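Reminder that position 649 of the sequence shown reads as 649 in full-length UniProt numbering, one-by-one numbering, no gaps.
Note that CB positions come from ideal geometry on N, CA and C, so glycine has one too.
In this text, all values refer to a predicted model and were calculated from it rather than measured experimentally.
Scroll down for the structure; my scribbles are underneath it.
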Amino acid sequence: MSQNPPETPENDVHAAEAKWQAYWSEHGTFLAGGAEDTRPRKYVLAMFPYPSGDLHMGHAENYLYSDIVARFWRHRGYNVLHPIGWDSFGLPAENAAIQRGTDPREWTYANIAQQRESLKRYGVSFDWSRVLHTSDDDYYRWNQWLFLQLHERGLAYRKESPVNWCPNDQTVLANEQVVDGRCERCGAVVVKKKLTQWYFRITDYADRLLDDLNQLEGFWPHKVLQMQRNWIGRSVGADIDFEIEGRAEKVTVFSTRPDTLHGATFMVVAPDSDLAAELAAGASPEVRTAFQDYLEQVRAQTDIERQATDRPKTGVFLDRFAINPVNGERLPIWAADYVLADYGHGAVMAVPAHDQRDLDFAIRFDLPVRVVVDTSASVTGAIPVIDVDDDGVPIDPAPADDPKTTGVALAGDGRLVNSGALDGLSKRHAIARVVESLEAAGSGRAAKQYRLRDWLISRQRFWGTPIPMVHTEDGRVVPVPAEQLPVRLPAAEGLDLKPKGTSPLGAATEWVTTTDPETGAAALRDPDTMDTFVDSSWYFLRFLSPGNADVAFDGRDADRWAPVDAYIGGVEHAILHLLYARFITKVLFDLGKVDFTEPFSSLINQGMVILDGAKMSKSKGNLVLFSDELASHGADALRVALAFAGPVEDDKDWKDVSTTGAQKFLARALRIAGEVSSPTDVLWADGDVALRRVTHRLLADAPTLVEQTKFNVVVARLMELVNAIRKTIDTGAGADDPAVREAAEVTAMVLDLFAPHTAEEMWEALGYQPSVGLVTWRAADPTLLVEEKVTAVVQIDGKVRATLEVSAKIDGPSLERLARDDERVARALGDREITRAIVRAPKVVSFSTK
1 MSQNPPETPE NDVHAAEAKW QAYWSEHGTF LAGGAEDTRP RKYVLAMFPY PSGDLHMGHA
61 ENYLYSDIVA RFWRHRGYNV LHPIGWDSFG LPAENAAIQR GTDPREWTYA NIAQQRESLK
121 RYGVSFDWSR VLHTSDDDYY RWNQWLFLQL HERGLAYRKE SPVNWCPNDQ TVLANEQVVD
181 GRCERCGAVV VKKKLTQWYF RITDYADRLL DDLNQLEGFW PHKVLQMQRN WIGRSVGADI
241 DFEIEGRAEK VTVFSTRPDT LHGATFMVVA PDSDLAAELA AGASPEVRTA FQDYLEQVRA
301 QTDIERQATD RPKTGVFLDR FAINPVNGER LPIWAADYVL ADYGHGAVMA VPAHDQRDLD
361 FAIRFDLPVR VVVDTSASVT GAIPVIDVDD DGVPIDPAPA DDPKTTGVAL AGDGRLVNSG
421 ALDGLSKRHA IARVVESLEA AGSGRAAKQY RLRDWLISRQ RFWGTPIPMV HTEDGRVVPV
481 PAEQLPVRLP AAEGLDLKPK GTSPLGAATE WVTTTDPETG AAALRDPDTM DTFVDSSWYF
541 LRFLSPGNAD VAFDGRDADR WAPVDAYIGG VEHAILHLLY ARFITKVLFD LGKVDFTEPF
601 SSLINQGMVI LDGAKMSKSK GNLVLFSDEL ASHGADALRV ALAFAGPVED DKDWKDVSTT
661 GAQKFLARAL RIAGEVSSPT DVLWADGDVA LRRVTHRLLA DAPTLVEQTK FNVVVARLME
721 LVNAIRKTID TGAGADDPAV REAAEVTAMV LDLFAPHTAE EMWEALGYQP SVGLVTWRAA
781 DPTLLVEEKV TAVVQIDGKV RATLEVSAKI DGPSLERLAR DDERVARALG DREITRAIVR
841 APKVVSFSTK
């Protein structure tokens with residue numbers, strides 16, 4: 001095994017890339033150290049790619065940022081784990097296979113090979129010994145193990161319910177996969193369909209998922225934390241039990257405003273709920289017919305359409321009545337589309353005076369409106385009387401012909417009125433009193449509701465993890481024994497993979513036919529596959545023990561490495577992937593498999609790479625191909641250009657990214673390394689002091705800048721250092737100045753974060769053995785960080801009129817005197833009088849004049 005790589009042909013960037021990539025591979029330069037490695041550890045992870053064709057510029061940005069972080073921590077003396085894998089199950093592969101008449105495996109693994117080659121050409125310092133593919137059976141076996149763990153604890157269950165159905169992909173979608181009423185993947189309008197599906201009970205963890213976000217404040221972007229909080233959507237209120245005339249069982253309604261119970265004048269149920277069907281079934285034939293017609297109309301609408309506030313309200317009276325538990329009033333029950341079956345309990349008490357949707361409905365169908373909160377009242381002072389008409393009757397907001405009415409619900413807080421013993425109480429006190437009385441009467445209780453719904457994981461497609469459950473002849477649904485895992489996918493040959501509403505696996509007769517693990521009788525496998533978000537919910541743990549055939553991950557490995565220290569990826573995964581990963585981590589914590597409750601200690605979101613202000617896509621014809629850019633400019637120029645293009649979180653327009661400028665900068669840096677003529681053991685302290693100050697300021701500032709993800713600033717500072725070296729060589733002591741060698745070596749070390757092939761070339765030219773990627777970060781000399789002279793700016797009425805070279809220790813009065821005495825300042829002042837002087841020693845003097 002050779003110690004040194006071969007010589008590089010001059011100016012051949014691709015030869016340099018091949019040379020150093022071969023060296024890193026041969027020497028295992030970036031492999032994470034094992035249990036015997038005593039260095040402190042860092043786990044750096046970029047969100048893994050889906051193998052849909054070759055990589056794109058978004059991938060180029062994502063993996064650049066993770067590589068910068070990983071390389072930085074190696075320089076800081078850490079044992080770094082930086083793995084890569086492929087999220088390789090899912091619809092794109094299956095749809096591509098359908099179009100081509102091939103097995104999804106062929107398309108998937110061919111794309112993985114292509115992407116793997118591109119990532120290696122890009123010079124990313126991955127630990128290539130830990131690669132995983134979620135479509136490998138030695139990975140999805142552990143998806144099935146995880147399912148069984150959840151099932152055993154009641155967290156995986158099966159039920160019939162209305163689900164989001166994509167008519168194009170012919171599969172169900174989780175709520176999170178529906179965006180503005182459309183399928184997140186294909187854009188088709190999503191409809192509701194009643195099916196029996198598998199769910200994970202994520203709502204059992206809703207409070208923990210919400211409250212534990214506080215642990216991530218300052219470590220995750222605030223926007224992501226807020227998006228998760230909004231999605232979980234915790235509401236605090238009460239469950240209120242209403243009796244229904246002619247029905248033995250009460251109906252429970254959740255309300256965040258139980259204090260307004262006296263203002264309830266009707267009840268609304270979701271037309272597509274079981275309750276509505278039951279109530280309609282007990283009504284007259286006319287009502288049943290009207291309800292069925294209305295239900296068909298509602299089923300043709302999306303949830304987004306039903307929730308739109310600007311739509312005219314529609315509904316059907318079910319000719320049934322509920323009894324208000326606080327005053328015994330009969331409340332007519334209506335089916336109306338603005339209530340959703342999966343919100344709360346699928347029914348709401350309507351308080352039209354204080355809820356705009358209820359008010360609009362009441363106006364449309366001429367239902368009573370009763371004001372029970374005086375929103376003009378101060379909750380801390382005296383109680384003013386609510387507006388009344390000439391007869392002293394409180395004015396309600398319903399717009400009849402009376403000009404005093406408004407048509408706007410009174411949605412604010414205030415004091416209770418028209419509410420019996422609650423009159424005069426504030427909202428907070430009234431809620432407490434109502435809940436107390438409901439609990440005493442056995443007709444209600446304090447409760448919480450969430451926007452979050454249980455995670456629907458069934459998919460009616462082939463290319464995914466088979467659900468490890470068996471359906472027996474006598475109707476039981478039982479788990480596959482753990483020792484029989486994995487339940488492998490059959491070959492796609494002979495199966496019709498076209499979407500048809502049922503899983504193609506159901507037609508794989510030999511595969512689907514099995515035996516009851518309890519009795520040995522004939523049975524059928526569950527034909528559905530799992531949502532691919534299951535695959536990515538725990539993959540960061542499989543990277544810790546990728547070859548372990550006995551466990552999903554070794555607990556000792558988890559203790560050493562997890563949780564992830566820096567997780568890098570797009571904000572588009574703020575809800576789906578991150579929420580599911582947080583949920584599974586908490587489940588594994590409860591199972592005693594890990595000792596942490598949050599999977600990703602720090603989150604870095606990058607912006608998109610766009611073109612001419614628009615997102616790149618094949619359909620728009622504005623796609624910049626990653627492989628083309630690598631071939632045209634080389635990996636290092638591409639990396640430097642992207643890093644320099646702007647802040648990590650900002651979108652970058654490709655037309656503004658200068659790969660040509662990056663090439664020129666790298667050529668200058670490499671040329672300097674070749675010119676250095678002083679020996680490796682030269683005393684740096686004997687070199688040019690001005691250059692050494694620039695060098696050591698970079699050494700001191702770069703760590704903080706990297707940790708703040710200000711990568712573009714570090715590149716700018718590197719460019720400044722290279723310019724300073726050039727100036728010293730050309731106008732100072734020349735290439736043999738010790739400070740030139742020191743600066744060139746620091747340039748190579750810091751440049752390794754951004755342009756590793758060029759950095760290695762520089763390091764070799766400077767007379768050192770590879771790899772510069774493992775060089776310990778040099779400490780800055782504090783004596784060189786003290787500025788003896790600084791440039792002070794003198795402004796007059798906001799305009800710079802002079803600069804002064806002054807002592808870095810100058811005080812304010814002395815700096816002001818120097819500024820006033822400067823002839824350039826005097827000339828600029830002319831006859832004007834200085835009315836105000838602001839001095840920020842040693843950098844700024846600002847004069848205002850009249």
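- By the C-beta density criterion, residue 639 is buried, having at least 16 other C-beta atoms within 10 angstroms.
- Fewer than three Cβ pairs drawn from the stretch 782–795 and the stretch 757–772 lie within less than 8 Å of each other, which leaves the two stretches out of contact.
- By DSSP's assignment, residue 183 forms a beta bridge with 178.
- Judged by DSSP in its simplified three-state form, residue 205 adopts helix.
- Runs of the beta strand (DSSP E) spanning 3 or more residues and lying entirely within the stretch 439–475 occur at 444–450, 469–472, in chain order.
- Cβ-Cβ distances below 8 Å link residue 296 to nothing in the same chain once the five nearest sequence neighbours on each side are left out.
- Within a 10 Å sphere around the beta-carbon of residue 838 sit fewer than 16 other beta-carbons, which makes this residue exposed.
- Here residue 723 is exposed: its Cβ has fewer than 16 other Cβ atoms, across all protein chains shown, within 10 Å.
- With at least 16 other beta carbons inside 10 angstroms of its own, residue 569 counts as buried.
- Look at residue 701 here: in three-state DSSP terms it is helix.
- If you keep only unbroken alpha helix (DSSP H) runs of at least 4 residues inside the stretch 683–732, you get 689–707, 711–731.
- In the three-state reduction of the DSSP assignment, residue 418 falls in the coil class.
- Per DSSP, reduced to three states, the secondary structure at residue 214 is helical.
- If the five residues before and after residue 463 are omitted, its C-beta is found closer than 7 Å to the C-beta atoms of 89, 90, 93, 94, 104, all from its own chain and listed in chain order.
- The beta carbons of residue 538 and residue 584 sit about 5 Å from each other, so the pair counts as a contact at 8 Å.
- In this chain, the alpha helix (DSSP H) harbouring residue 143 covers 137–152.
- About 13 Å separates the beta carbons of residue 251 and residue 334, which is beyond the 8 Å limit, so they are not a contact pair.
- If one requires a minimum length of 4 residues, the alpha helix (DSSP H) runs lying completely within the stretch 53–77 are 57–75, in chain order.
- In terms of CA proximity to residue 368, 329 leads the group 329, 807, 560.
- In this structure, the alpha-carbon of residue 684 lies about 40 Å from that of residue 821.
- Secondary structure of residue 581 (DSSP, three-state): helix.
- The bridge partners DSSP lists for residue 85 are 132.
- The C-alpha of residue 346 lies about 40 Å from the C-alpha of residue 519.
- Short of 6 Å from the beta carbon of residue 589, and not among the five residues preceding or following it, lie these beta carbons of its own chain, in chain order: 597.
- For the pair residue 565 and residue 70, the Cα-to-Cα distance works out to about 10 Å.
- If the five residues before and after residue 204 are omitted, its C-beta is found closer than 8 Å to the C-beta atoms of 155, all from its own chain and listed in chain order.
- It is roughly 32 Å from the alpha-carbon of residue 230 to the alpha-carbon of residue 643.
- A direct Cα-Cα distance of roughly 30 Å separates residue 163 from residue 482.
- With a 10 Å radius around the Cβ and a threshold of 16 neighbouring Cβ atoms, residue 133 comes out buried.
- In this structure, 454 is the residue among 223, 454, 14, 59 with its C-alpha nearest to the C-alpha of residue 202.
- Under the rule that a run must span 4 or more residues, the alpha helix (DSSP H) segments found entirely inside the stretch 483–518 read 509–512.
- In the structure shown, residue 170 falls within a coil segment according to DSSP collapsed to helix, strand and coil.
- Contact between residue 706 and residue 72 is confirmed by a C-beta separation of about 5 Å, below the 8 Å threshold.
- With a 10 Å radius around the Cβ and a threshold of 16 neighbouring Cβ atoms, residue 628 comes out exposed.
- Residue 604 has 568 as its beta-bridge partners, per DSSP.
- Put simply, the backbone Cα of residue 751 is about 21 Å away from that of residue 784.
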